[in-house]
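Note sheet for the following structure.
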Amino acid sequence: IVISEDNNKLYRSELLAFDPSMEIISLNPLNPRDPAWETVPESDALFMCYQFLFAARDHPEIHDALLTLSKRMKFIQSGFAGMDSPILQAVLKIKNIQIANASSVYAIPIAHYVFSQILRWNKRIDQHIEFQQSKHWAPIAGDGELTDKTLVILGYGGIGKQVAKLGKAFGMRVTGIKRNPANDEYADEVLGLDQFEELLPLTDYLVLALPDSAQTRDVINADVLKKLNNSAMLINVGRGTAINEPDLADALNSEEISAAALDTTKNEPLENSSSLWTAKNCFISAHDSAHSLKSLIRAFELFFQNIKNIQNDQPIKNLYSE
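Letter by letter, the sequence shown follows residues 2 to 323 in this note's numbering.
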């Protein structure tokens, strides 16, 4: 199997304890000119961790070398939840290769991000900081409680369920929206896409956790934003393509909605000319809501579990199929 040098240091003994006959090849993700890259034989598996994926995104030379390396693999475990990065799209075109994503790995830190932004707005944290910086003592009025607030989650997969779990812990009314609805233990109800817009006037917090597809692009547009009540907050932790960004900026500046927290945008990095940078109560982060040490550990544990599954003729977890 092929892994990064860092993962080799962390997990080599664990892998060999499972199978002492396993041959482990470690590579430096940032140095494809290292002869070790060229001498990798046809192999059973590659853990394409975030180091490989970010390096391929930022350096065409590494993208090409990683694609060549991938052609020698039977199975690839991606460290990303989504499959829309250029290197993964290229790998998907390789014949006779299985690839799994890491969609279940990052749900917990992303859900924590969602509620950090909800609480930031609900408890007026930015205003408190501003008052402290100016040495201004003034209690802030308002409804600083989440109990009985309505939380609607558009895109009710692994991330959505973690958001719902936290929402219920805060005493919120939680509705999940997905293409094929089925009730579960976290949301009060799970409804189909055809019922989404009728919920908007009653929604206090709208969380987006959507993949990128022809059906999801610009699903949040001027018409949808007008149907939200003007105290609603929008939080996007899915793909940035779900939002018509000029429409959102207009809705914020005209106070059609109260606030938005965006961990993803249509183009990343967000261009300097974007109206979102200066939109009223728009909180932008650089697609880092998933970052946590625990999530990196979970990603490798998923790879390790899939190695075991392959060895034992068990189904591969998170196996991608178009």
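Positions of the beta carbon are idealized from the N, C-alpha and C atoms, including for glycine.
All values reported here derive from a predicted model rather than from experimental measurement.
Residue 113: which of 208, 270, 269 sits nearest, CA to CA?
-> Here residue 113 refers to the residue found at position 112 when the sequence shown is read from its first residue. Scanning 208, 270, 269 for the CA closest to the CA of residue 113 turns up 208.
Could you tell me the distance, in whole angstroms, from the CA atom of residue 39 to the CA atom of residue 17?
-> By 1-based counting over the sequence shown, the position of residue 39 is 38. By 1-based counting over the sequence shown, the position of residue 17 is 16. So the two alpha carbons sit approximately 24 Å from each other.
Cβ of residue 163 within 9 Å of Cβ of residue 100?
-> Numbered from 1 along the sequence shown, position 162 holds the residue referred to as residue 163. Numbered from 1 along the sequence shown, position 99 holds the residue referred to as residue 100. Not in contact: residue 163 and residue 100 (Cβ atoms no closer than 9 Å).
Whole angstroms is fine: what's the gap from residue 154's alpha carbon to residue 131's?
-> The count along the sequence shown starts at 1 and reaches residue 154 at position 153. The count along the sequence shown starts at 1 and reaches residue 131 at position 130. Approximately 31 Å between the Cα atoms of the pair.
Residue interval of the alpha helix (DSSP H) (run including residue 207) | Along the sequence shown, read from residue 1 onward, the residue named residue 207 stands at position 206. Run containing residue 207: none in the alpha helix (DSSP H); it sits in the beta strand (DSSP E), 206 to 209.
When the Cβ atoms of the stretch 203 to 221 are set against those of the stretch 243 to 259, are three or more pairs found closer than 8 Å?
-> yes
By Cβ distance, which residues of its chain are closer than 6 Å to residue 239, with the 5 residues on each side in sequence left out?
-> For this step, residue 239 is matched to residue 238 along the sequence shown. Here the set comprises 156, 209, 210, 211.
By how many angstroms is the C-alpha of residue 267 removed from the C-alpha of residue 227?
-> Within the sequence shown, residue 227 is the residue found at index 226, counting from 1. Within the sequence shown, residue 267 is the residue found at index 266, counting from 1. Cα to Cα, the separation comes out at about 21 Å.
What residue ranges within the stretch 118 to 176 form continuous beta strand (DSSP E) runs of no fewer than 3 residues, ordered along the chain?
-> 151 to 155
Just grab the DSSP bridge partners of residue 116 for me.
-> For this step, residue 116 is matched to residue 115 along the sequence shown. Answer is none; residue 116 lacks a bridge partner.
Where does residue 196 fall in DSSP's three states?
-> As a first step, residue 196 must be located in the sequence shown, where it is residue number 195. Residue 196 falls in the helix class under three-state DSSP.
What are the partner residues of residue 74, as DSSP defines its beta bridges?
-> For the purposes of this step, residue 74 is taken as residue 73 along the sequence shown, with counting starting at 1. Beta-bridge pairing links residue 74 to 44.
What is the DSSP secondary structure of residue 201, counted as helix, strand or coil?
-> Counting from 1 along the sequence shown, the entry for residue 201 is found at position 200. Helix, per DSSP.
Return the bridge partner residues of residue 284 from the DSSP annotation.
-> To locate residue 284, count along the sequence shown from 1; it is residue 283. According to DSSP, which records beta bridges pairwise, residue 284 is partnered with 262.
Look at residue 85 and residue 195 and say whether their C-beta atoms are less than 9 Å apart.
-> Start at 1 with the first residue of the sequence shown, and residue 85 comes out as number 84. Start at 1 with the first residue of the sequence shown, and residue 195 comes out as number 194. For residue 85 and residue 195, no; Cβs fall outside 9 Å.
Three-state secondary structure (DSSP) of residue 79 | Taking the first residue of the sequence shown as 1, we reach residue 79 at position 78. Residue 79 sits in a strand when the DSSP states are folded into three classes.
Using the rule of at least 16 other Cβ atoms within 10 Å of the residue's Cβ for burial, across every protein chain shown, is residue 325 buried or exposed?
-> Look at the range of the chain in this structure, 2 to 323, and you will see that residue 325 is not part of it.
Over what stretch of residues does the alpha helix (DSSP H) that includes residue 27 continue unbroken?
-> Residue mapping note: residue 27 aligns to position 26 of the sequence shown, counting from 1. Element bounds for residue 27: not the alpha helix (DSSP H) but the beta strand (DSSP E), 26 to 28.
Who does residue 190 pair with in a DSSP beta bridge?
-> The residue given as residue 190 occupies position 189 in the sequence shown. Bridge partners of residue 190: 176.
Can you give the Cα-Cα distance for residue 323 and residue 181, rounded to whole angstroms?
-> Locating residue 323 in the sequence shown gives position 322, where the first residue counts as 1. Locating residue 181 in the sequence shown gives position 180, where the first residue counts as 1. Between residue 323 and residue 181, the C-alpha separation is close to 17 Å.
Quick one: what's got a C-beta closer than 8 Å to residue 295's C-beta in the same chain, skipping five residues either side?
-> Position 294 of the sequence shown holds residue 295. Excluding five sequence positions before and after residue 295, the CB atoms of its chain that fall closer than 8 Å to its own CB belong to 109, 110, given in chain order.
If we count the other Cβ atoms within 10 Å of its Cβ and call it buried at 16 or more, is residue 5 buried or exposed?
-> As a working note, residue 5 is residue 4 in the sequence shown. With 16 or more Cβ atoms within 10 Å of its Cβ, residue 5 is classed as buried.
Just reading off the alpha helix (DSSP H) that residue 14 is part of, what are its end residues?
-> In the sequence shown, counting from the first residue as 1, residue 14 sits at position 13. Element bounds for residue 14: 6 to 19.
CB-CB length for residue 201 against residue 175, believed under 8 Å = Residue mapping note: residue 201 aligns to position 200 of the sequence shown, counting from 1. Residue mapping note: residue 175 aligns to position 174 of the sequence shown, counting from 1. Contact flag wrong, Cβ pair sits at about 15 Å.
How would you label residue 133, buried or exposed, when you count the other beta carbons within 10 angstroms and need 16 or more for buried?
-> On the sequence shown, position 132 is the one that residue 133 refers to. Exposed, because fewer than 16 other Cβ atoms sit within 10 Å of the Cβ of residue 133.
Which of helix, strand or coil DSSP assigns to residue 254 = Start at 1 with the first residue of the sequence shown, and residue 254 comes out as number 253. In the structure shown, residue 254 sits in a helix (DSSP, three-state: H, G or I).
Are residue 149 and residue 172 touching if we call contact CB-CB under 9 Å?
-> Translated into positions along the sequence shown, residue 149 becomes position 148. Translated into positions along the sequence shown, residue 172 becomes position 171. Yes, the Cβ-Cβ distance between residue 149 and residue 172 is below 9 Å.
The stretch 281 to 294 contacting the stretch 305 to 319, beta-carbon criterion three pairs below 8 Å = no
In whole angstroms, what is the alpha-carbon distance linking residue 26 and residue 158?
-> One-based indexing of the sequence shown puts residue 26 at position 25. One-based indexing of the sequence shown puts residue 158 at position 157. Cα-Cα distance, rounded: 34 Å.
Who are the near neighbours of residue 129 in its chain, counting only those whose CB is closer than 8 Å to its CB and skipping five residues on each side?
-> Translated into the one-based positions of the sequence shown, residue 129 becomes position 128. The residues are 141.
Should residue 102 go down as buried or exposed, given a rule of 16 or more other Cβ atoms within 10 Å for buried?
-> Residue 102 sits at position 101 when you count from the first residue of the sequence shown. Burial call: buried.
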